[in-house]
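Undergrad: Here my numbering runs 839 ahead of the position in the sequence shown, where the first position is 1. Glycine residues also receive a C-beta, built at the ideal position from the N, C-alpha and C atoms.
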Amino acid sequence: MKSYVYGTAGAIVLMLLVALGISHSQVDGLTKDRDRWRKSADDYSAAAAGWEKNFRWAEQLRGQERDGAVNATKAARLTCDSRVDAARKTSSAIQSITTRETIHDQAHCPVRRGVGFERLLDATGLAAVD
């Protein structure tokens, strides 16, 4: 009977050791899985930081491009406004020359007279260029 008890106790101890070995290998596997997941999470976090940095840089460039476009539009508008003003002055000068009252001589023929250098410059738009 002693051998039966020792045999049974040995079998139980053997089963405990096998179970302990299996659970130890499972713990090792879980530890390796945990480490892989942790490394993967760190890699994704680093990649996300890089993506965020690139996104912020691209947004900064877009802002600079938008500001440049706004400034170019403002400059073009100012240039256009100044050209329109110059054209209006020229048009006004030409109109004042062409609508001026005609002087006639004693035979009722129109008399030619000079326009004047300043008015001619205004009419050609050259007076605006300084």
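Determine the contact status of A936 and V954, defining contact as a CB-CB distance below 8 Å.
TA: According to the sequence provided, residue 936 is Ile. The question's Ala does not apply to it. Yes, they are a contact pair.
Undergrad: Tell me, to the nearest whole angstrom, how far the beta carbon of A962 is from that of T929; I am working on the premise that it is less than 8 Å.
TA: That belief holds up - the Cβ atoms of A962 and T929 are roughly 6 Å apart, short of 8 Å.
Undergrad: Taking the C-alpha atoms as reference points, what is the distance between L900 and N910?
TA: Taking the straight line from one Cα to the other gives about 15 Å.
Undergrad: At the level of alpha carbons, what is the spacing between C919 and F956?
TA: So the alpha carbons of these two residues sit roughly 27 Å apart.
Undergrad: What are the boundary residues of the alpha helix (DSSP H) that R958 is part of?
TA: Its alpha helix (DSSP H) spans residues F956 to T963.
Undergrad: List the DSSP bridge partners of T947.
TA: Here residue 947 is His; the residue named in the question, Thr, does not match the sequence. Paired residues: none, contrary to the question.
Undergrad: Tell me the DSSP secondary structure of G953 in three-state form.
TA: Three-state DSSP puts G953 in coil, outside helix and strand.
Undergrad: Expressed to the nearest angstrom, what Euclidean distance is found between the alpha-carbon atoms of Y883 and M854?
TA: Approximately 43 Å between the Cα atoms of the pair.
Undergrad: Write down every uninterrupted run of the alpha helix (DSSP H) in the segment 901-932 whose length is 4 residues or greater and which is fully enclosed by it, in chain order.
TA: Counting whole runs of 4 or more residues, the segment 901-932 contains no alpha helix (DSSP H) stretch at all.
Undergrad: Please list, in chain order, all residues of the same chain as A908 whose beta carbon is under 7 Å from its beta carbon, the five residues on each side excluded.
TA: Result list for A908: empty, nothing under 7 Å.
Undergrad: Reducing DSSP to helix, strand and coil, say where T970 ends up.
TA: This structure leaves residue 970 out entirely; the chain is present only between 840 and 969.
Undergrad: Going by other Cβ atoms of all chains shown within 10 Å of its Cβ, with 16 needed for buried, is A932 buried or exposed?
TA: Flag for A932 reads buried.
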